[in-house]
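Asker:
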Amino acid sequence: MKRNMSLFYFAILISALFVSSGALAKPRFFKADNSHFKYVGRVDFTDPQKPRFWSPGVYITTKFKGPSCRLLINDEELFGKTHNYIELIVDGKPSRIQTTGKTNNIQIAKHLGKGWHTLLICKDTESGMGYLEFVGLVCEQITSPGQPKRMIEYIGDSITAGAGVDASEVACGKGEWYDQHNAYLSYGARTSRALNAQWQLTAVAGIGLVHSCCNMDILLPQVYDKVYLRNDSLKYDFSQYQPNVVTICLGQNDGPQDSVKFCSEYVRLIDTVRSKYPQTDIVCLSSPMANAELTAVLHRYLTSIVQFVNARGDNRVSKFSFSRSFNSGCDGHPDANEHAIIAGELTAYLKKLKGW
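For what it's worth, the numbering used here labels the leading residue of the sequence shown as 224, then goes sequentially.
1) Nearest to Ser258 by CA position, among Arg265, Ser367 and His306, is which residue?
2) Are the CB atoms of Gly379 and Ala426 nearer to each other than 9 Å?
3) Closest to Ser551 by CA distance: which of Asn560, Phe545, Phe543 and Ser544 is it?
4) Could you check how far apart the C-beta atoms of Phe287 and Ile365 are, in whole angstroms? I think they sit under 8 Å.
5) Residues in the same chain with beta-carbon distance under 6 Å from Asp267, minus the five sequence neighbours each way, listed in chain order, please.
6) Does the region 401-413 come into contact with the region 499-506, if we say contact requires no fewer than three beta-carbon pairs (one atom in each stretch) closer than 8 Å?
7) Which of helix, strand or coil does DSSP assign to Glu561?
8) In angstroms, rounded to a whole number, what distance separates the CA positions of Gln403 and Gly396?
9) If I follow the unbroken alpha helix (DSSP H) through Glu488, where does it start and stop?
10) Among residues of its own chain, excluding the 5 on either side of Val490, which ones have a beta-carbon nearer than 7 Å to its beta-carbon?
11) Would you decide whether Pro279 is buried or exposed? Buried here means 16 or more other CB atoms lie within 10 Å of its CB.
12) Which whole-angstrom value is the C-beta distance of Cys282 and Leu343, which I expect to be below 8 Å?
13) Suppose only complete runs of 4+ residues qualify. What are the alpha helix (DSSP H) ranges in the region 268-339, listed by chain order?
14) What are the boundary residues of the alpha helix (DSSP H) that Ser381 is part of?
15) Tell me which residues share the same chain as Glu300 and place their Cβ nearer than 6 Å to its Cβ, disregarding the 5 neighbours each side in the sequence.
16) Leaving out five residues before and five after Ile430 in sequence, what residues of the same chain have Cβ atoms less than 6 Å from its Cβ?
17) Going by DSSP, what residue range makes up the alpha helix (DSSP H) through Ser456?
18) Given that a residue counts as buried once 16 or more other Cβ atoms are within 10 Å of its Cβ, and exposed if not, what is Gln463?
19) Short check: CB of Glu568 to CB of Phe543, under 9 Å?
20) I'd like the list of long-range same chain contacts for Asn328, defined as Cβ closer than 7 Å, with 5 residues on each side in sequence excluded.
21) Going by the CB atoms, is the gap between Gln272 and Gly359 shorter than 9 Å?
22) Do Thr570 and Arg413 count as a contact pair if the criterion is CB distance below 9 Å?
23) Given a threshold of 16 other Cβ atoms within 10 Å of its Cβ, counted over all protein chains shown, does Glu399 qualify as buried or as exposed?
24) I'd like to know whether the C-beta atoms of Cys507 and Ser541 end up nearer to each other than 9 Å.
25) Under 9 Å between the Cβ atoms of Arg265 and Leu452?
26) Helix or strand or just coil, what does DSSP make of Ala534?
27) Out of Trp339, Asp537, Thr526 and Ala390, which one is the CA nearest neighbour of Phe485?
28) From the DSSP output, read off the bridge partner residues of Ile365.
29) Quick check on His334: buried or exposed, where buried means 16 or more other Cβ atoms within 10 Å of its Cβ?
30) Can you grab the Cα-Cα spacing for the pair Trp422 / Ala248, in whole Å?
31) Residues in the same chain with beta-carbon distance under 6 Å from Asn467, minus the five sequence neighbours each way, listed in chain order, please.
32) Can you grab the Cα-Cα spacing for the pair Asp270 / Gly385, in whole Å?
33) Leaving out five residues on either side along the sequence, give the residues of the same chain with a beta carbon under 6 Å from the beta carbon of Gly245.
34) If I measure Cβ to Cβ from Tyr232 and keep anything under 6 Å in the same chain, skipping five residues before and after, which residues do I get?
35) Quick check on the DSSP output: the beta strand (DSSP E) that includes Tyr407 runs from which residue to which?
36) Can you list, in chain order, the residues of its chain whose CB lies under 6 Å from that of Ser415, leaving out five sequence neighbours each side?
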């Protein structure tokens, strides 16, 4: 009898140890439409269990519990071969991975502590790389992460999209044209993190205001109201994101243009932005990779544009010029260190502008 009782209490003790160690907490699948996932950026929710997004810098946040987590995500595999890069930030520590197929089951983390962990999933590559579809996470438990109240939108081209930034794994001129893209390291995302703000990168590599490069058949004002900017498709609902500040960084791909044509189209773009965001501050930026000639041209144009718009009664439009040209990245773009400098300059200006 004593032996049986000893075995009984031993079994209870083992069970208690398993429960206290979390051994009985099995991973579960949390679908993309779970309310504890927070999406920032232009996302197509036609299928809420597979929300689709193209733009660089679109990100998803949540908090998960337990020592491990897996990400289920689909890649369009545009042209049957391209694979997007994704930035995974767990407890503030970033890592960059690339998809390997149309469906992907990716180990985000393992051997972590048993408690709660923050997670941010960011699309590093731009619209021309095709879409990603977030399917969900496999982990013990998730909860809402909370979001900064401040919001910023960054309108621009390849610089804003984060092209040519990251040569840490594939050197410039090597691999594919998108191997050095990293929207998470772009000046916009960095500026927002420094200001405790959400970010949205409304940017397409090669795009211009009146002239795009590389035989591109779209212009920024034409696609500004779309979810899939590169293909000029899917209307975007601007009520989803009402930024405190919008920055516009265009002109690099336009080059020196007829002043009347360029300035007129720029004013029209400002008017479009104002119609979507009545209360936002709009900041017109110089191009941080422009040469001396283009920098001088853009300075004259932006000065005239801002003066004209202010004279009409819109005093919430201003301009900001970067201190120099930044060209140490791939194809003359700013590299990661230079994006940090650009972000530092813009952060200081926005702090003063908004009193943040």
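Where a beta carbon is used, it is the ideal one built from N, C-alpha and C, also for glycine.
Answerer: Reading it off the structure:
1) Closest option to Ser258, Cα to Cα, is Ser367.
2) Yes. Within cutoff.
3) Nearest option by C-alpha distance: Asn560.
4) Contact holds; Cβ gap of about 5 Å.
5) Around Asp267, the same chain offers Arg275, Val450 and Leu457 as residues with beta carbons nearer than 6 Å, after the five sequence neighbours per side are excluded.
6) Counting C-beta pairs with one atom in each stretch, the region 401-413 and the region 499-506 have fewer than three that are closer than 8 Å, which means they do not touch.
7) Helix, per DSSP.
8) Roughly 9 Å between the two C-alpha positions.
9) Note, Glu488: alpha helix (DSSP H), Ser482 to Lys499.
10) Closer than 7 Å at the Cβ level, and outside the excluded window around Val490, lie Ile528, Phe531 and Val532.
11) Within a 10 Å sphere around the beta-carbon of Pro279 sit 16 or more other beta-carbons, which makes this residue buried.
12) Strictly speaking, residue 282 in this sequence is Tyr, with Cys absent from that position. With 8 Å as the limit, Tyr282 and Leu343 qualify as a contact, their Cβ atoms being about 6 Å apart.
13) With a minimum length of 4 residues, no continuous alpha helix (DSSP H) run stays inside the region 268-339.
14) Note, Ser381: alpha helix (DSSP H), Ser381 to Ala384.
15) Closer than 6 Å at Cβ, skipping near neighbours: Lys325.
16) If we look at Ile430 and ignore the five residues flanking it on each side, its Cβ neighbours are Asp380 and Leu443.
17) Note, Ser456: premise wrong, no alpha helix (DSSP H); beta strand (DSSP E) at Ser456 to Lys458.
18) Using a 10 angstroms sphere on the CB of Gln463, the tally of other CB atoms stays under 16, which defines it as exposed.
19) In contact: Glu568 and Phe543 (Cβ atoms closer than 9 Å).
20) Answer for Asn328: Arg293 and Leu295, listed in chain order.
21) The answer is yes: Cβ separation under 9 Å.
22) It is a contact, given that the beta carbons lie within the stated cut-off.
23) Glu399 should be labelled exposed.
24) Yes.
25) The answer is yes: Cβ separation under 9 Å.
26) In the structure shown, Ala534 adopts helical secondary structure according to DSSP, grouped into three states.
27) Distance from the Cα of Phe485 is smallest, within the candidate group Trp339, Asp537, Thr526 and Ala390, for Thr526.
28) Note: Ile365 sits in a beta bridge opposite Phe287.
29) His334 should be labelled exposed.
30) Counting only the Cα atoms, Ala248 lies some 35 Å from Trp422.
31) Result list for Asn467: Arg373 and Met374, in chain order.
32) Distance between the alpha carbons of Asp270 and Gly385 is about 28 Å.
33) Confidence at Gly245 is low in this model, with a pLDDT of 44, below 50, so the placement of that residue is unreliable and no value is reported for it.
34) Confidence in Tyr232 is poor, its pLDDT being 35 and thus under 50, which makes the residue's placement too unreliable to answer from.
35) No beta strand (DSSP E) holds Tyr407; DSSP gives it neither H nor E.
36) Once the five neighbours on either side are set aside, the close Cβ partners of Ser415 are Ile375 and Trp422.
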